[in-house]
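Peer 1: Submitted below is the structure of interest, expressed as structure tokens.
There are 2 protein chains.
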Amino acid sequence: MEQLKVSTKSNPNSVAGAMAGVLRQHGIVEVQVVGAGALNQAIKAVAIARGYVAAGGIDLVCVPTFADIEIDGERRTAIRLVIEDRLRRPIDASVVLPDEIIDVDALEALVAVDPTTN
Amino acid sequence: MEQLKVSTKSNPNSVAGAMAGVLRQHGIVEVQVVGAGALNQAIKAVAIARGYVAAGGIDLVCVPTFADIEIDGERRTAIRLVIEDRLRRPIDASVVLPDEIIDVDALEALVAVDPTTN
Numbered sequence: 008m009e010q011l012k013v014s015t016k017s018n019p020n021s022v023a024g025a026m027a028g029v030l031r032q033h034g035i036v037e038v039q040v041v042g043a044g045a046l047n048q049a050i051k052a053v054a055i056a057r058g059y060v061a062a063g064g065i066d067l068v069c070v071p072t073f074a075d076i077e078i079d080g081e082r083r084t085a086i087r088l089v090i091e092d093r094l095r096r097p098i099d100a101s102v103v104l105p106d107e108i109i110d111v112d113a114l115e116a117l118v119a120v121d122p123t124t125n
Numbered sequence: 008m009e010q011l012k013v014s015t016k017s018n019p020n021s022v023a024g025a026m027a028g029v030l031r032q033h034g035i036v037e038v039q040v041v042g043a044g045a046l047n048q049a050i051k052a053v054a055i056a057r058g059y060v061a062a063g064g065i066d067l068v069c070v071p072t073f074a075d076i077e078i079d080g081e082r083r084t085a086i087r088l089v090i091e092d093r094l095r096r097p098i099d100a101s102v103v104l105p106d107e108i109i110d111v112d113a114l115e116a117l118v119a120v121d122p123t124t125n
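Sequences listed follow chains E and V, in order. Last residue of the first sequence? That's 125 in the numbering used here, and every number before it is there in order. Last residue of the second sequence? That's 125 in the numbering used here, and every number before it is there in order.
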């Protein structure tokens, strides 16, 4: 599963665009965050991305779980969000990408920041 | 729809217990938060509540949307989370309430704090 890392400095609109791009390619996207600020940006992005896919009849839902991760040798608890259609219908054709998205990989790089900066 | 208000000081375990109680009664629960700290507690609570209902085959999902609210005459943007079974199956019999929950109303009162304290 494609994983986006979102930090407290990530722009929710950019993250939503990257989510839409990954959803179009894979039908599912996972976001991992450490800390309240990063989670806030990620959840805002999900709310925005819902709008990108709603026109295609897709009902984007989000499933949060805990994840134990290691950052610089220290154990931390991250939140992992799995984002997909409620009924796991194919999403590819129904995702309206925002105008500014040309290269999804470039956008993914924008939001895939080092989790230690969260 | 039953709405829980969660603040940055809410205990995620207590909120998860209240969610489980409302899910058992109504099959759906809505949480409203203002601010990153409150959202963090609410999402942790959803992750915990997933465990309470998983044994009954319920797959709890969360749908975040923006909500314009007014606090003391000022307009603020809240995040609203709708939490329910992925397939909207009846939940009542399958929710395992944590041992400490005797009175759901009392628990709801615990988490239904004034949103101005978020």
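Beta carbons: idealized from backbone N, C-alpha and C, even for Gly. The structure presented is a predicted model; accordingly, all values stated were derived computationally and were not measured.
Is there a C-beta anywhere in chain V that falls below 7 Å from the one on A54 of chain E?
Peer 2: Along the first sequence, read from residue 1 onward, the residue named residue 54 of chain E stands at position 47. Output row for A54 of chain E: interface = yes.
Peer 1: Drop a sphere of 10 angstroms on the beta-carbon of Q48 of chain V, count the other beta-carbons inside from all chains shown, and report buried for 16 or more, exposed for fewer.
Peer 2: Counting from 1 along the second sequence, the entry for residue 48 of chain V is found at position 41. Buried is the call here.
Peer 1: Can you check DSSP and say which residues form a bridge with R82 of chain V?
Peer 2: In the second sequence, residue 82 of chain V corresponds to position 75, counting from 1. V:E77.
Peer 1: Just to confirm, are R31 of chain E and D99 of chain E a CB contact at a threshold of 7 Å?
Peer 2: By 1-based counting over the first sequence, the position of residue 31 of chain E is 24. By 1-based counting over the first sequence, the position of residue 99 of chain E is 92. Result yes, Cβ atoms of R31 of chain E and D99 of chain E sit closer than 7 Å.
Peer 1: Please list, in chain order, the residues of the stretch 20–47 of chain E that have any C-beta partner in chain B closer than 7 Å.
Peer 2: Here the protein chains are E and V, and chain B is not one of them.
Peer 1: What distance in whole Å lies between the Cβ atoms of E37 of chain E and V89 of chain E, which are believed to be in contact at a cut-off of 8 Å?
Peer 2: Here residue 89 of chain E refers to the residue found at position 82 when the first sequence is read from its first residue. Here residue 37 of chain E refers to the residue found at position 30 when the first sequence is read from its first residue. About 5 Å separates the two Cβ atoms, so the contact holds.
Peer 1: Note down the Cα distance separating P19 of chain V from L46 of chain E, rounded to an integer number of angstroms.
Peer 2: As a position in the second sequence, residue 19 of chain V is number 12, starting the count at 1. As a position in the first sequence, residue 46 of chain E is number 39, starting the count at 1. About 15 Å.
Peer 1: Less than 8 Å between the CB atoms is what I'm expecting for V68 of chain V and V22 of chain E, so what's the real figure, rounded?
Peer 2: The residue you call residue 68 of chain V lines up with position 61 of the second sequence. The residue you call residue 22 of chain E lines up with position 15 of the first sequence. Going by Cβ atoms, the distance from V68 of chain V to V22 of chain E rounds to 19 Å, so no, they are not a contact pair.
Peer 1: Express the C-alpha separation of V60 of chain E and I11 of chain V in angstroms, rounding to a whole number.
Peer 2: Within the second sequence, numbered from 1, the residue matching residue 11 of chain V stands at position 4. Within the first sequence, numbered from 1, the residue matching residue 60 of chain E stands at position 53. At residue 11 of chain V the sequence reads Leu, which differs from the Ile that was named. If I take the Cα positions, the gap works out to 28 Å.
Peer 1: Within the continuous alpha helix (DSSP H) that includes I55 of chain V, where are the two ends?
Peer 2: Here residue 55 of chain V refers to the residue found at position 48 of the second sequence. It spans 43–61 - the alpha helix (DSSP H) in which I55 of chain V sits, taken as one unbroken run.
Peer 1: Is P97 of chain V helix, strand or coil by DSSP?
Peer 2: Here residue 97 of chain V corresponds to residue number 90 of the second sequence, with the count starting at 1. Here P97 of chain V sits in coil by DSSP.
Peer 1: Starting from V102 of chain E and walking both ways along the alpha helix (DSSP H), at which residues does that stretch end?
Peer 2: As a first step, residue 102 of chain E must be located in the first sequence, where it is residue number 95. No alpha helix (DSSP H) contains V102 of chain E, which DSSP labels as neither H nor E.
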